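K.L.:
Have a look at this one.
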Amino acid sequence: MSDEFVDEPLFDSPAPIPAPITKQPIASTAQDHHDLITKQTEDLSISQSKIDTLFIKSTVSSPSKENDGQNAYITYLVSTITNNPIFNAKKFEIRRRFSDFVFLYDVLSNDHPECVIPPLPDKQRLEYLKGDRFSPEFTEKRCQSLQRFLKRIEGHPVLKKSKIYHIFLESTEWGSYKVNLKIKSDDHGLGSGSSLTSDGGIITDVFINAFKSPNLQSKEFIIIKEKSEKLDENIARIDKIFQKIMKRYGDLEQDYYDFSYQIKKIAELEPELEIPFVKFSEGLQGLSLGFAQLKQFLDNEYLISLKDLEHYINSVRNLIKLKDQKQMDFEAISEYLERSIHEKNVIITGGSTGASGFLSAKFEELTGQNPDLNKREKLNKLESKIEKLSKELDISQKVSQEFEKSTLKEVNYFDNVKSLELKESLGKLADKNIEFYETLISKWEDIEKSLA
Numbered sequence: 001m002s003d004e005f006v007d008e009p010l011f012d013s014p015a016p017i018p019a020p021i022t023k024q025p026i027a028s029t030a031q032d033h034h035d036l037i038t039k040q041t042e043d044l045s046i047s048q049s050k051i052d053t054l055f056i057k058s059t060v061s062s063p064s065k066e067n068d069g070q071n072a073y074i075t076y077l078v079s080t081i082t083n084n085p086i087f088n089a090k091k092f093e094i095r096r097r098f099s100d101f102v103f104l105y106d107v108l109s110n111d112h113p114e115c116v117i118p119p120l121p122d123k124q125r126l127e128y129l130k131g132d133r134f135s136p137e138f139t140e141k142r143c144q145s146l147q148r149f150l151k152r153i154e155g156h157p158v159l160k161k162s163k164i165y166h167i168f169l170e171s172t173e174w175g176s177y178k179v180n181l182k183i184k185s186d187d188h189g190l191g192s193g194s195s196l197t198s199d200g201g202i203i204t205d206v207f208i209n210a211f212k213s214p215n216l217q218s219k220e221f222i223i224i225k226e227k228s229e230k231l232d233e234n235i236a237r238i239d240k241i242f243q244k245i246m247k248r249y250g251d252l253e254q255d256y257y258d259f260s261y262q263i264k265k266i267a268e269l270e271p272e273l274e275i276p277f278v279k280f281s282e283g284l285q286g287l288s289l290g291f292a293q294l295k296q297f298l299d300n301e302y303l304i305s306l307k308d309l310e311h312y313i314n315s316v317r318n319l320i321k322l323k324d325q326k327q328m329d330f331e332a333i334s335e336y337l338e339r340s341i342h343e344k345n346v347i348i349t350g351g352s353t354g355a356s357g358f359l360s361a362k363f364e365e366l367t368g369q370n371p372d373l374n375k376r377e378k379l380n381k382l383e384s385k386i387e388k389l390s391k392e393l394d395i396s397q398k399v400s401q402e403f404e405k406s407t408l409k410e411v412n413y414f415d416n417v418k419s420l421e422l423k424e425s426l427g428k429l430a431d432k433n434i435e436f437y438e439t440l441i442s443k444w445e446d447i448e449k450s451l452a
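As structure tokens, this is what we get:
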């Protein structure tokens, strides 16, 4: 991935970090959902002339164990270089806890449900992060993932302009922001919204979730789903293969160390051959160390990058599921509308409305009610419901269409990030292997000369 990500200026001149912000309430109506999706979809369209000028680049490093008097915790140094005038300086550093990263993730998820928010390591299962949470191994692995988290945000055309992201990077009053910022809980975000029931009420999310998948799915998204599933499977298989390779490297590390030790003991028994035997022993020790370094690289960097990508894929798939939910909302309202229109036509033509209609007619007959008056009341209710459903259907369709456009843009961004990250991780893996073999060749050429 590119070392520098660009950004758009939010102000014409440098400005101080704003006062504590209060979370804007999530859209409560389908029309609000539609307007918000449209606005944030447009935000993804950035002129090339602007994105070539500004950047934000952050690194996460130097895990440090600290104590607040009661509990111990780890902080990470977040260092930022930028030319964006929204910040007070071009270079600055701040220390953040993992819980601060989690808070940033939660706010971004709440503010931008139409975006794929890069996942944090603990947002998924972390069996691959073994050991004590204060151990160097654990904190270095987490540091790698947090670095990748910020790098994905700083390249995202929408997330990189988020106010909370800028405050996270620079503000020394982060604690007060966390206290004052109100996050409204919303399980589905945009479009979980409300739909009308057959009696003019609200369709609950529980009912809509009964739909397993949309009746109509575009071929484009079918292909996207298949590709993401295959990629996920491939990464999982690569992870298993490299777990075996790591074990093999660990065995070779120990075997060559033992071999070196035994050669050194022979040198003690053969004084006239001590120098060449000691050099040979040192070569074996170097080989053992080389395998140890390869194993450490795989464990601390390469496999972590694969896990982080695997989690990112899951986030994309979750956004696609949310997109499908919008489509299912539309289909549910459409079905209700069709039923209501059919019921109205049946009443007008005097046809049967089924067992309930038959029982209702008998009840009217027994109680002496006026059938014509009841018929008119039913028609009035149905006409009112059809009118509401028609408006709701139009809004739901717009929400679904806009969310689909937004999701496609998110998938395209993910594809770019995925390609760059895979290329970068493979490049580092290649460099590490080249370094291993070059060191090996150089070392053993010297040993060969000493044995001549």
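Per the UniProt record's numbering, residue 1 is the first one in the sequence shown, and the count goes up by one each step.
The beta carbon of each residue, even a glycine, is placed where N, CA and C say it ideally should be.
Since the model is a prediction, treat every value here as computed from it, not as a measurement.
Just how far apart, CA to CA, sit Leu422 and Ile238?
P.N.:
12 Å
K.L.:
Can you find the residues in the same chain that come closer than 6 Å, C-beta to C-beta, to Phe134, ignoring five residues on each side of it along the sequence?
P.N.:
Around Phe134: Lys65.
K.L.:
Is the Cβ-Cβ distance between Leu309 and Lys388 less than 8 Å?
P.N.:
Not a contact, by the Cβ cut-off of 8 Å.
K.L.:
Using only the alpha-carbon positions, how far apart do Val346 and Leu382 sit?
P.N.:
12 Å
K.L.:
Considering Tyr73, what are the terminal residues of the beta strand (DSSP E) in which it resides?
P.N.:
72-82
K.L.:
Per DSSP, which one or two residues make a beta bridge with Arg95?
P.N.:
Arg95 pairs with Leu77.
K.L.:
Below 8 Å on the Cβ atoms is my contact criterion, and I expect Val316 with Val116 to pass it. Report the Cβ-Cβ distance as a whole number of Å.
P.N.:
5 Å
K.L.:
Measuring only the C-alpha atoms, how far is Tyr76 from Thr407?
P.N.:
32 Å
K.L.:
Quick one: grab the DSSP three-state call for Leu54.
P.N.:
Reduced to three states, the DSSP call for Leu54 is strand.
K.L.:
Exposed or buried, Ile434, counting other C-beta atoms within 10 Å across all chains shown (16 or more means buried)?
P.N.:
exposed
K.L.:
Among Thr349, Met328, Leu306, Ile74, whose alpha-carbon lies nearest the alpha-carbon of Ile241?
P.N.:
Leu306
K.L.:
Would you call the region 53-65 and the region 142-152 in contact, with 3 or more CB pairs under 8 Å?
P.N.:
yes
K.L.:
List the whole-angstrom C-beta distance separating Pro276 from Ser450, where the pair is believed to meet the contact cut-off of C-beta under 8 Å.
P.N.:
6 Å
K.L.:
Round the Cβ separation of Lys326 and Phe403 to the nearest angstrom and send it over; I've been treating them as touching at under 8 Å.
P.N.:
Rounded to the nearest angstrom, the Cβ distance from Lys326 to Phe403 is 5 Å, consistent with a contact under 8 Å.
K.L.:
Around the Cβ of Lys227, are there at least 16 other Cβ atoms within 10 angstroms (buried) or fewer (exposed)?
P.N.:
exposed
K.L.:
Take Ser281 as the anchor and find which of Lys432, Gln262, Asp299 has the nearest alpha-carbon.
P.N.:
Comparing alpha carbon positions, the residue from Lys432, Gln262, Asp299 closest to Ser281 is Gln262.
K.L.:
Just the C-alpha distance for Leu269 and Leu440, rounded to the nearest angstrom, thanks.
P.N.:
27 Å
K.L.:
With which residues is Glu66 paired in a DSSP beta bridge?
P.N.:
Tyr73
K.L.:
Is Gly290 closer than 8 Å to Trp444 when the C-beta atoms are compared?
P.N.:
no
K.L.:
Compare the C-alpha of Leu216 against each of Phe87, Asn234, Ile153, Ser334 and name the closest.
P.N.:
Closest option to Leu216, Cα to Cα, is Ser334.
K.L.:
Between the beta-carbon of Ser340 and the beta-carbon of Ile395, is there less than 8 Å?
P.N.:
no
K.L.:
Throw me the rounded Cβ distance for the Phe55 and Thr82 pair, which I believe falls under 8 Å.
P.N.:
6 Å
K.L.:
Can you tell which of Pro136, Leu287, Lys391 has its C-alpha closest to the C-alpha of Asn300?
P.N.:
Pro136
K.L.:
For Val116, name the three-state secondary structure that DSSP assigns.
P.N.:
Looking at Val116 - three-state DSSP - the assignment turns out to be coil, as it is neither helix nor strand.
K.L.:
What are the boundary residues of the alpha helix (DSSP H) that Thr172 is part of?
P.N.:
Run containing Thr172: none; DSSP gives neither H nor E here.
K.L.:
Please report the straight-line C-alpha distance between Ile153 and Tyr312, rounded to a whole angstrom.
P.N.:
12 Å
K.L.:
Taking all protein chains shown into account, decide if Gly69 is buried (16 or more other Cβ within 10 angstroms of its Cβ) or exposed.
P.N.:
Under this definition Gly69 is an exposed residue.
K.L.:
Ignore the nearest five residues each way along the sequence and tell me which others in Leu104's own chain have a CB closer than 8 Å to its CB.
P.N.:
Ile164, Tyr165, Phe168
K.L.:
Can you say whether Thr53 is buried or exposed, counting buried as having 16 or more other CB atoms within 10 angstroms of its CB?
P.N.:
Around the beta carbon of Thr53, fewer than 16 other beta carbons sit within 10 angstroms, so the residue counts as exposed.
K.L.:
Kindly indicate the opening and closing residues of the alpha helix (DSSP H) around Leu289.
P.N.:
274-297
K.L.:
Can you tell me which of the three DSSP states Val346 falls into?
P.N.:
helix
K.L.:
Quick one: what does DSSP say Ala452 is sitting in, helix, strand or coil?
P.N.:
coil
K.L.:
So the candidates are Arg142, Glu170, Ile235; which of them puts its Cα closest to the Cα of Ile86?
P.N.:
Per the C-alpha coordinates, the member of Arg142, Glu170, Ile235 positioned closest to Ile86 is Glu170.
K.L.:
Pop quiz: Thr172 and Ile74 are said to be a contact at Cβ under 8 Å. What is the actual Cβ separation, rounded to whole angstroms?
P.N.:
No, Thr172 and Ile74 are not in contact; Cβ-Cβ is about 19 Å, not under 8 Å.
K.L.:
Can you tell me whether Leu426 is buried or exposed? The criterion is at least 16 other CB atoms within 10 Å of its CB, across all chains shown.
P.N.:
exposed
K.L.:
Going by C-alpha to C-alpha distance, which of Lys428, Asn71, Asp106, Thr80 sits closest to Leu294?
P.N.:
Lys428
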